[in-house]
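Read in order, the letters of the sequence shown are residues 1 to 325 in UniProt numbering. Think of the CB as a built atom: it goes at the ideal place given N, C-alpha and C, for glycine as much as any other residue. Treat the numbers as computed from the prediction; the structure is a model and nothing was measured.
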Amino acid sequence: MLGSLNGTGVPLARIQASDGNSSLELSSQLPVFAINPWDVVLCISGTIIACENAIVVAIIFYTPTLRTPMFVLIGSLATADLLAGVGLILNFVFQYVIQSETISLITVGFLVASFTASVSSLLAITVDRYLSLYNALTYYSEKTVLCIHMMLIVTWGVSLCLGLLPVLGWNCLDDYSSCSIVKPLTKSNLTLLSASFFLVFIIMLHLYIKICKIVCRHAHQIALQQHFLTASHYVATKKGVSTLAIIIGTFGASWLPFAIYCVVGDLNYPSVYTYATLLPATYNSMINPIIYAYRNQEIQRAMWVLFCGCFQSKVSFRSRSPSDV
C-alpha cells in the first residue's frame, strides 16, 4: 500500500532516470532497492506502536482483575493498534524484500482492517463512557456486558469486511486511472473509508459534548448539596473538560488531515503530501495507550506486578468507572 505512494507506482530509480543526465548518472549508482526515508519513518513508528500496545495487551491478558467491560474495550483498542504497528513493519519488509501484487493487497487489507478497528474501538470506548454516566445505576449489569460484546463483534466484523475488500477485487491493479493516493486502493474505496471516519468523528464529538454536560451538571449538583461551590469543584470540572478536549482533539488532529486529503487529493499530487498527512494518523495509535491505558492506576499497578513484582499478586484493584479512565 504505502510502497506506491510516489504517485505513479514507478520505482524511485526509474523516476530519477527520467529527470535528466545528471539524475540518470546518479540513479545508475543507486542500489536497486532505493529506500524512501518516509517508509523508514513509518516503519519506526510501527515498531514503537507495536511495542507500546503489546505491553497493554499483555497486561490485560495476564491480569484476571482487568476483565471488566471497560478494560475489554481498552484491550480491543490496544490489539487493533498492535496489529496496525505490525502492519506498518510488514509493509516495509514486503515492499523492499518481497515485491508481489498479492502480498501488496494482503498488506493493504491488513492495515485497513487494523486502523478501522482502532478507530471503531475508540468509538466503542466513547459509547461506553457515555453509558456509564447516562445509565450509572444500571451500568454494572448483564445488559451492559451484552452491549459491549455486541459492539466488539460489530467493530471487528466491519473492520474485517473493509480489510477484505481490496483482496476480493476492489483495487486498481487492473485500472491505474482509478487508483487513489494510496495504491492499490481505488478512489471510491478510499472515499468510503474517509466518509466512515467523518461519521465516527461526528458521533464521538457529539457524545463527548453530552458527556461534558453530564459531568458539569453532576459536579454542580454535588456542590449545591454542600450548599456552596468549592474551589475543588471548579478544579475537578475544569480537569474533566480538559481531559475530554485532549481526547477528541488528539483524535481529530491525528486523523482529520489524512481523511480530508483522501477526499481532495489526486494520484498525480506529490507523494510527500500523502506521507505528511498519513504519518500523524499513525501517531494516534502511538498516543492511544498513553491516554487510555498507561494513565490508569489499575494498569499501572498490573504493570509493576507483571514486570517488576513490586506488588504482591493478590493486590486488590479498585473498580473504576469508564469515565475515570
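Pick from the options that is closest to residue i, judged by C-alpha positions
i           : options                        : result
Phe92       : Tyr134, Asn53, Gly46, Pro64    : Gly46
Ser254      : Val41, Ala281, Thr116, Pro270  : Ala281
residue 375 : Met150, Leu88, Glu298, Val41   : In this structure the chain extends from 1 to 325, so residue 375 is not present and cannot be described.
Tyr292      : Thr65, Ser100, Thr79, Cys262   : Thr79
Ser118      : Trp304, Asp174, Tyr283, Arg301 : Tyr283
Ile248      : Thr65, Ile203, Tyr139          : Ile203
Arg129      : Leu199, Gly252, Thr107, Leu244 : Leu244
Leu199      : Gly252, Asp175, Thr138         : Gly252
Ser271      : Lys183, Leu122, Leu83, Thr155  : Lys183
Val41       : Asp81, Gly85, Asn53            : Gly85
Ile246      : Asn288, Lys210, Asp81          : Asn288
Lys210      : Thr250, Trp156, Leu133, Thr155 : Leu133
Leu90       : Asp39, Ser178, Ile290          : Asp39
Cys161      : Ser177, His206, Phe115         : Phe115
Proximal residues to residue i (C-beta, below 8 Å), its chain only, five neighbours per side dropped
i      : result
Leu306 : Ala58, Ile59, Tyr62, Thr63
Leu256 : Phe201
Thr250 : Asn284, Ile287, Ile291
Pro37  : none
Close Cβ partners of residue i (< 6 Å) along its chain, the five nearest in sequence each way excluded
i           : result
Ala259      : Ser194, Phe197
Gly163      : Gly109, Val112, Ala113
Leu278      : Phe258
Gly265      : Ile181
residue 340 : An answer regarding residue 340 cannot be provided, because it is not within the stretch 1 to 325 covered by the chain.
Tyr208      : Leu244, Ile248
Tyr261      : Thr277
Gly20       : With a pLDDT of 40 at Gly20, under the threshold of 50, the predicted position of this residue should be treated as unreliable, and no value is reported.
Cys53       : Contrary to the premise, residue 53 reads as Asn rather than Cys in this sequence. Excluding sequence neighbours, Asn53 sits near Ala78, Asp81, Leu82, Pro289.
Ser177      : none
Asp175      : none
His206      : none
Within 9 Å, strictly: CB atoms of residue i and residue j
i      : j      : result
Asn135 : Thr144 : yes
Ser188 : Ser159 : no
Met286 : Ile98  : no
Val263 : Thr191 : yes
Ile148 : Leu267 : no
Ala302 : Leu66  : yes
Leu165 : Glu101 : no
Tyr139 : Leu131 : yes
Buried versus exposed call for residue i [16 or more other C-beta atoms within 10 Å across all chains shown]
i      : result
Lys213 : exposed
Cys51  : exposed
Ile153 : exposed
Ile55  : buried
Leu168 : exposed
Glu142 : exposed
Ser242 : exposed
Met150 : exposed
Ile299 : buried
Arg217 : exposed
Leu137 : exposed
Asp81  : buried
Cys179 : buried
Spatial neighbours of residue i in its chain, beta-carbon cut-off 7 Å, leaving aside the 5 residues before and after
i      : result
Gly75  : Val57, Ile60
Leu123 : Val200, Ile203, Met204
Phe94  : Ile103, Thr107
Trp156 : Ala117
Trp170 : Thr186, Asn189
Notebook entry, point to check: Can you give, in chain order, each stretch of the alpha helix (DSSP H) that sits fully within the segment 267-298 and has at least 4 residues?
Noted result: Runs found: 271-289.
Next item on the list: Return the chain-ordered ranges of every alpha helix (DSSP H) run that is complete within the segment 134-196 and spans a minimum of 4 residues.
Entry: For the segment 134-196, the continuous alpha helix (DSSP H) assignments of 4+ residues that do not extend past its boundaries occur at 142-167, in sequence order.
Note to self: I'd like the ranges of any alpha helix (DSSP H) spanning at least 4 consecutive residues and lying wholly in the segment 26-108.
What the structure shows: For the alpha helix (DSSP H) assignment, the uninterrupted runs of no fewer than 4 residues enclosed by the segment 26-108 are, from N- to C-terminal side, 37-62, 69-96.
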